[in-house]
Structure formats: C-alpha cells, structure tokens
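J.:
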Amino acid sequence: MIQVQLSGEALDIQACVNYVSAPEAGGIDVFIGTVRNATKGKQVVRLEFEAYEGMAIKEMQRIAAETMKQFSVFRISIHHRVGILQIGEVPVVIAVSAAHRAAAFEACRYIIDTLKGHVPIWKKEVFEDGAVWVAAHP
Amino acid sequence: MTIRLLAFGIAKDIMGGSAADIAVGEQPTVLNLKNALEQRYPELRRLKSFLIAINNEYAPDSRHIQPTDEVAIIPPVSGG
Numbered sequence: 001m002i003q004v005q006l007s008g009e010a011l012d013i014q015a016c017v018n019y020v021s022a023p024e025a026g027g028i029d030v031f032i033g034t035v036r037n038a039t040k041g042k043q044v045v046r047l048e049f050e051a052y053e054g055m056a057i058k059e060m061q062r063i064a065a066e067t068m069k070q071f072s073v074f075r076i077s078i079h080h081r082v083g084i085l086q087i088g089e090v091p092v093v094i095a096v097s098a099a100h101r102a103a104a105f106e107a108c109r110y111i112i113d114t115l116k117g118h119v120p121i122w123k124k125e126v127f128e129d130g131a132v133w134v135a136a137h138p
Numbered sequence: 001m002t003i004r005l006l007a008f009g010i011a012k013d014i015m016g017g018s019a020a021d022i023a024v025g026e027q028p029t030v031l032n033l034k035n036a037l038e039q040r041y042p043e044l045r046r047l048k049s050f051l052i053a054i055n056n057e058y059a060p061d062s063r064h065i066q067p068t069d070e071v072a073i074i075p076p077v078s079g080g
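Sequence order for the protein chains is Z and W. All residue numbers for the first sequence refer to the numbering used here, where the first residue is 1 and numbers rise by one. All residue numbers for the second sequence refer to the numbering used here, where the first residue is 1 and numbers rise by one.
#1: Between the alpha carbons of arginine 101/Z and isoleucine 63/Z, how many angstroms are there, rounded?
#2: If glycine 26/Z and alanine 99/Z are in contact, beta carbons under 8 Å, what's the gap, nearest whole angstrom?
#3: State the Cα-Cα distance for the pair glutamine 70/Z and phenylalanine 8/W, rounded to the nearest angstrom.
#4: Assuming the contact rule is C-beta atoms closer than 8 Å, valine 71/W and leucine 6/W should be a hit. Round their C-beta distance to whole Å, please.
#5: Going along chain Z in order, which residues have a C-beta closer than 8 Å to the C-beta of serine 62/W?
#6: Would the segment 60–75 of chain W count as touching the segment 21–38 of chain W if we require 3 or more Cβ pairs under 8 Å?
#7: DSSP state of isoleucine 65/W, grouped into three classes?
#8: Check whether the Cβ atoms of phenylalanine 49/Z and isoleucine 94/Z lie closer than 8 Å to each other.
#9: Compile a chain-ordered list of the residues in the segment 92–110 of chain Z whose CB is closer than 7 Å to at least one CB of chain W.
#10: Looking at the unbroken beta strand (DSSP E) that takes in alanine 125/Z, where does it start and where does it end?
#11: Taking Cβ positions only, does lysine 48/W come closer than 8 Å to chain Z?
#12: Quick check: is the beta carbon of glutamate 17/W nearer than 8 Å to any beta carbon in chain Z?
#13: Do leucine 85/Z and arginine 46/Z have their CB atoms nearer than 8 Å?
#14: Can you list, in chain order, the residues of its chain whose CB lies under 7 Å from that of threonine 67/Z, leaving out five sequence neighbours each side?
#15: Using a Cβ cut-off of 8 Å (strictly closer), state whether alanine 72/W contacts chain Z.
#16: May I have the straight-line CA-CA distance separating glycine 16/W from aspartate 29/Z, to the nearest angstrom?
#17: Nearest-angstrom Cα distance between glycine 41/Z and leucine 11/Z?
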C-alpha cells in the first residue's frame, strides 16, 4: 500500500508512521529531510520549493511502486512539502514498513535517492545576497 | 504548430513566465521542441540539462507531440 502527498503546510511525521504501521511489520524506517542552515559555507536564509504537481505525484507513486517490486516491504508513505521553508523545517518524509529491518532501510534509502533524481520538484536557496536554484548549472 | 509549454524553476525565470507559446514545425518531436527552445532562449544551454515531459511523463527525443498534449520543460530537479 502506497500513500503519496504534496502539501503546502508543515508535514506530519507521525501520520506517515501511522500509515505504514502494520501488524505484520517488524520495523519501520523513516527518512526526514531537514533544511540545512548553510551550503558550501554560505549561510542560507530559507528554501523555496516548487513542484509540477500532477507529475510530481505521478513520479512519487511510480517510485513507490518500483520500490514495492524491488524490496520486500509492506507500506510506503512519501510526503513532500512545497512553499517557503525555514532552517530546520521538514521538506520531505519517507516511511517504509517491512517484516525485516534490512528491507526497510534499503527501500527507504532507494526512495529518497531516486526521488532526488527524478521527481519534478525544485528548490531555490535564498542567501542574504541573492538566490540560486539548486543544481541547475554545472 | 504552436506548443503551449509549462515552465518551472529556473526555466520559468529564463523564459519570463510559467507558460510560453513555442512555434515549431508540423508533427514536431521532442527534439524539435528542444532545438526551438534553445534557439529562442539561449540561456537554457547553460543549464546542466533539461528534459521535456508530456502528459506528466518524461518524454524521449523521438516522441511526437500532439496538439492536445500537456508539455512541460523540466530543468534539473532538486526535490527532497
């Protein structure tokens, strides 16, 4: 079972954990992304996230479905936030439940790694002296 | 044919808006569109890369674009 969500508001980590909880599960792995205060030594003021919403949801669902095929997991929850995020806030939560912990760890890592490479969501880093779309230029 | 292209992230900045009408030949492919975009917006060439999505899926260069397709330019993604 898969749950994918894009939200303009603060993410509810417990809701993700609750969704993947199952009596058959021996473990739940959770990845929580957080906004870091600096990049390459430069102080970050805030991040701004933008999404191509329909496609972002479709891609996250596709990634979750691929994960279910590749790993022995029960349930997956992927929540991503869009809008303005301050230092320390949470742009993404991924929760995975499985009978055994190895699959949960591996699947969770696979999901965040793949999400970062494929899902049409973009973040802009805002500094005191300007803003940069992350990873846009070589 | 004119393609209504949705733009996001840095592509929106480069193209001056969240959508643009791009003139291409008849029965255009994704490659035709990419070439037309780079001609009209040379700054796109400075990006690491960009992809085209049709109807919410990544599309290869060879894909033909239909008048009813939803087409978007996808600059390098940075979610998560």
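For each residue, glycine too, the CB sits at the ideal point set by N, CA and C.
T.: So, from the listed chains and residues:
#1: 20 Å
#2: 5 Å
#3: 31 Å
#4: 7 Å
#5: Per Cβ cutoff of 8 Å: no residues; serine 62/W is ~20 Å from chain Z at best.
#6: yes
#7: coil
#8: no
#9: Val92
#10: Per the sequence shown, residue 125/Z should be read as glutamate rather than alanine. Counting along the chain, the beta strand (DSSP E) containing glutamate 125/Z begins and ends at 121–127.
#11: yes
#12: First, the residue type needs correcting, since residue 17/W is glycine and not glutamate in the sequence shown. Glycine 17/W does not count as touching chain Z.
#13: yes
#14: Val73, Ile76, Ala107, Tyr110 and Ile111
#15: yes
#16: 42 Å
#17: 28 Å
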